[in-house]
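From first to last, the protein sequence lines stand for chains A and B. Take the first sequence: its position 5, counting from 1, is numbered 5 in my numbering, and each next residue is one higher. In short: position in the second sequence from 1, add 1000, done, that's my numbering. We treat Cβ as the ideally placed atom computed from N, Cα and C, and that holds for glycine. Only a predicted model underlies this, so the values are computations on that prediction, with no experimental measurement involved.
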Amino acid sequence: MFKKLIDNAASKSPWLFHINAGSCNGCDIELVAVLTPRYDAERLGFKLAGTPRHADIVVVSGPVTVQSLDRVLRTIEQVPEPRVIVTLGSCPRSCNVFKGSYAVAGPLDKYVPIDVSIAGCAPKPEAIIDGLALATKILKEKREAMK
Amino acid sequence: MDIMNIDIMDILMYAVYILIFPGLLFTCVFGLWLAGIDRKVVARMQHRKGPPLAQPAYDFLKLLGKECIVPDGAARITFLAAPWLGLASLVVTVLFIPIGGLQAFGTGGDTVVILYLLTIPTLAMILGGSASGSPFAGVGSSRTMVAIMSYELPLILIILAVGKAAGGYGVTFSLGQITLFQYLTAPFILDWRLVPAAIAMLFVIPCEVGQHPFDVGEAETEICEGPLVEYSGAPLAVFKLSHAIKMFVMTALFSALFLGGVTTGMLWLDIVLTLAFCSVVTLVCMSLLHAISARFRVEQLFKFFWTVVSGLALVSLLLVWFC
Chain A
1 MFKKLIDNAA SKSPWLFHIN AGSCNGCDIE LVAVLTPRYD AERLGFKLAG TPRHADIVVV
61 SGPVTVQSLD RVLRTIEQVP EPRVIVTLGS CPRSCNVFKG SYAVAGPLDK YVPIDVSIAG
121 CAPKPEAIID GLALATKILK EKREAMK
Chain B
1001 MDIMNIDIMD ILMYAVYILI FPGLLFTCVF GLWLAGIDRK VVARMQHRKG PPLAQPAYDF
1061 LKLLGKECIV PDGAARITFL AAPWLGLASL VVTVLFIPIG GLQAFGTGGD TVVILYLLTI
1121 PTLAMILGGS ASGSPFAGVG SSRTMVAIMS YELPLILIIL AVGKAAGGYG VTFSLGQITL
1181 FQYLTAPFIL DWRLVPAAIA MLFVIPCEVG QHPFDVGEAE TEICEGPLVE YSGAPLAVFK
1241 LSHAIKMFVM TALFSALFLG GVTTGMLWLD IVLTLAFCSV VTLVCMSLLH AISARFRVEQ
1301 LFKFFWTVVS GLALVSLLLV WFC
């Protein structure tokens, strides 16, 4: 019974950690907009965590520059299991307009498996909430699969 | 009490006191409830819908189910034991606070014991933070120490003022006597001499709990929750639970010191009344301040508590002593 309670809670309190991997700041602003009174993602339990150790969902934005690659991978490693990796915007999936640049090491799925990608440049807040809600479902599945 | 006279019933009763009411189970539920209404009300004040009331409970359960990572540079045993030390001392503190006329462990020096016990959870946080080996935690720990120094002085002055008011010729340190005195006369919040002390206590509560305008040690946006930066999984869950229980302990202490003596004789009704009092105090001194103010800097916090808040408490003490 206790395990069931914990499994249920896993999808109801997702804490986000946001990594900017060379993003132009457009997606970052939209993510913050999701937490403002108009969209209020906190009603679903979302909270921005200050440190990767507290996070459940890692949100990566930006085309993963050569400089940021090592930091991104190390930060993702620090997030305790079960964790879900979400890409925000087109950049982390395709490098977008930065594709082919000598400074870009992406896309991100060359290095880590991605659970949810939110499309758009920049994505609408509604799309972000939709993607994050999907991420909570995956979080619960991953929690149930543990042990 | 003679050790031979303790029979099995006494032991059972103490076990119930410690584990169920007013100990562990009761304070957990109550603390999470207070944390829930705090988050909801702050959200409503900011024109948001806000998380469900059970959100702190969901957070706690989720954290229990997460992987617990101990950093390589950490002192393992201290790092893992610190949260439990804090939780245990908080549960013991509750036993000394009269809740609806029921005080599990009454002594002649309740308030002194409570003063000492209340510093342990904060010290546990400092210990755990220092043991984690993270520079963020180091900064957070040193700031938390400044916060302790800030609120301890006014808290002692408040307790002295209330003790003097209830003690007559001497100062009483017994919470039982303080609430009995208020039961026989009137709650201290209605005594004009003690109003400054009550206001000072309303500032001490959020600082002791580590709520928003005074959360210099945990500053999420600045130093990533300070001492908690390296914690994950179950130990973090225990710290979050301690935080919620602290809200209950401090508001219950307020209602014992200033609103005490409102007892009806029926235990369940008294518990409901205590719940209502604690919720109202939480809303006034934590949610309202959280929603309308930005965080203090460390030196501003220290200055504010040693001038304004201590001053209010001192005024009360002098009034009680000489009027």
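Mind checking if Lys1240/B is an interface residue toward chain A, Cβ cutoff 7 Å exclusive? Chain A, which has no Cβ nearer than 7 Å to the Cβ of Lys1240/B, makes this no.
Check the DSSP bridge columns for Thr87/A and list the partner residues they point to. Looking at the DSSP assignment, Thr87/A forms a beta bridge with Val60/A and Ser117/A.
Under 8 Å Cβ to Cβ from Trp1321/B, same chain only, skipping five residues before and after it: list those, please. Setting aside the 5 residues that flank it on each side, Trp1321/B is surrounded in the same chain by Lys1164, each with a C-beta closer than 8 Å to its C-beta; the list follows chain order.
Who are the near neighbours of Ala1198/B in its chain, counting only those whose CB is closer than 6 Å to its CB and skipping five residues on each side? For Ala1198/B, same chain residues with a beta-carbon under 6 Å away, outside a window of 5 residues either side, are Ile1189 and Phe1258 in chain order.
Anyone know if the C-beta pair for Phe1305/B and Ser1150/B falls short of 7 Å? Yes. Within cutoff.
To be precise: take each residue of the stretch 1026 to 1048 of chain B, compare its Cβ to all Cβ atoms of chain A, and keep it if any distance is under 7 Å. Which residues remain? Those residues of the stretch 1026 to 1048 of chain B that come within reach of chain A (Cβ to Cβ, closer than 7 Å) are Ala1043, Gln1046, His1047 and Arg1048.
Just to confirm before moving on: does the CB-CB distance between Glu1218/B and Met1250/B stay below 7 Å? At least 7 Å separates the beta-carbon of Glu1218/B from that of Met1250/B.
For Leu5/A, return the contacting residues in chain B, with the cut-off set at a CB-CB distance below 8 Å. Those within 8 Å of Leu5/A in chain B are Leu1061.
Give me the Cα-Cα distance between Val1216/B and Arg1295/B, rounded to the nearest whole angstrom. Their backbone Cα atoms lie some 7 Å apart in a straight line.
In the stretch 31 to 59 of chain A, which residues sit with their C-beta less than 7 Å from some C-beta in chain B, listed in chain order? When C-beta distances to chain B are compared with 7 Å, the residues of the stretch 31 to 59 of chain A below that value are Pro37, Asp40, Glu42, Arg43, Gly45, Gly50, Thr51, Arg53 and His54, in chain order.
is_contact[Gly1218/B, chain A] using C-beta, thresh 7 Å: First, the residue type needs correcting, since residue 1218/B is Glu and not Gly in the sequence shown. So, not an interface residue.
What did DSSP end up calling Thr1185/B once you bin it into helix, strand or coil? Secondary structure of Thr1185/B (DSSP, three-state): coil.
Nearest-angstrom Cα separation, counted from Leu16/A out to Ala41/A: Taking the straight line from one Cα to the other gives about 11 Å.
How would you list, in chain order, the residues of chain A whose beta-carbon sits under 8 Å from the beta-carbon of Pro1213/B? In chain order: nothing, as chain A lies at least about 18 Å away.
Can at least three beta-carbon pairs, one atom from the stretch 1032 to 1050 of chain B and one from the stretch 1216 to 1235 of chain B, be found at a separation below 8 Å? With a cut-off of 8 Å, the stretch 1216 to 1235 of chain B and the stretch 1032 to 1050 of chain B do not count as touching, because too few Cβ pairs lie within range.
Check whether the stretch 1236 to 1244 of chain B touches the stretch 1167 to 1178 of chain B, counting contact only when three or more Cβ pairs, one atom from each stretch, lie closer than 8 Å. Result no; under three Cβ-Cβ pairs closer than 8 Å.
Counting only beta-carbon atoms, is Lys99/A nearer than 7 Å to chain B? The beta carbon of Lys99/A does not come within 7 Å of any beta carbon belonging to chain B, so the residue lies off that interface.
Cβ-based neighbour list, Leu1319/B, same chain, cut-off 6 Å, excluding 5 preceding and 5 following: Within the same chain, Leu1319/B has close Cβ partners Arg1193.
Beta-carbon spacing of Thr1093/B, Ile1114/B below 7 Å: Yes, these two residues count as a Cβ contact at 7 Å.
Starting from the C-beta of Ile114/A, find all residues in its chain whose C-beta is less than 7 Å away, skip the five residues before and the five after it, and write them out in chain order. Around Ile114/A: Ile85, Thr87 and Leu108.
Once DSSP output is grouped into helix, strand and coil, what is the label at Leu48/A? The answer is strand: DSSP assigns Leu48/A an E or B state.
Given a cut-off of 7 Å, decide if Tyr1058/B and Lys3/A are closer than it, judged by their beta-carbon atoms. Going by beta carbons, Lys3/A and Tyr1058/B fall outside the 7 Å limit.
Show which residues of chain B have a CB atom less than 9 Å away from the CB atom of Pro80/A. The answer, in chain order, is Lys1066, Glu1067, Cys1068, Ile1069, Ser1232 and Gly1233.
Hey, quick one: how far does the beta strand (DSSP E) through Leu16/A stretch, first residue to last? Leu16/A: member of the beta strand (DSSP E) spanning Trp15 to Asn20, first to last residue.
Could you spell out the range, first to last residue, of the alpha helix (DSSP H) harbouring Ala1035/B? Where Ala1035/B is concerned, the enclosing alpha helix (DSSP H) stretches over Leu1024 to Met1045.
Have a look at Met1001/B and Met1009/B and give me their C-alpha separation to the nearest angstrom. Residue placement at Met1001/B cannot be trusted, given a pLDDT of 47 that sits under 50; what the coordinates show is reported in the next sentence. Near 15 Å, if we compare the C-alpha coordinates of Met1009/B and Met1001/B.
Whole-angstrom distance between Val97/A and Ile128/A, CA atom to CA atom: Their Cα atoms are separated by approximately 21 Å.
Here's the rule: buried if 16 or more other CB atoms are within 10 angstroms of the residue's CB, otherwise exposed. What is Ala1131/B? Buried: at least 16 other Cβ atoms inside 10 Å.
Boundaries (first-last residue) of the alpha helix (DSSP H) holding Ile1011/B: In the DSSP assignment, Ile1011/B falls within the alpha helix (DSSP H) that extends over Ile1008 to Leu1019.
Thr1274/B versus Ser1316/B, Leu1102/B and Asp1007/B, residue with shortest Cα-Cα distance: Taking only the C-alpha atoms, the option nearest Thr1274/B is Leu1102/B.
Does DSSP classify Met1001/B as helix, strand or coil? Residue confidence is low: Met1001/B scores 47 on pLDDT, short of 50, so the model does not pin down where it sits. Its coordinate-derived value is still stated next. Looking at Met1001/B - three-state DSSP - the assignment turns out to be coil, as it is neither helix nor strand.
Go to Cys1278/B, then tell me how far its alpha helix (DSSP H) extends in each direction, as first and last residue. Membership of Cys1278/B in the alpha helix (DSSP H) is indicated by the continuous run Leu1267 to Thr1282.
With burial defined as no fewer than 16 other Cβ atoms inside 10 Å of the residue's Cβ, what is the status of Lys124/A: buried or exposed? Its Cβ having fewer than 16 others within 10 Å, Lys124/A is exposed.
Using alpha carbons as the reference points, say which of Phe1136/B, Leu1090/B, Gly1109/B and Thr1107/B lies closest to Ile1120/B. Nearest C-alpha to Ile1120/B: Leu1090/B.
Taking the alpha-carbon positions, what's the Leu1034/B to Tyr1116/B distance? In a straight line, the C-alpha of Leu1034/B is about 24 Å away from that of Tyr1116/B.
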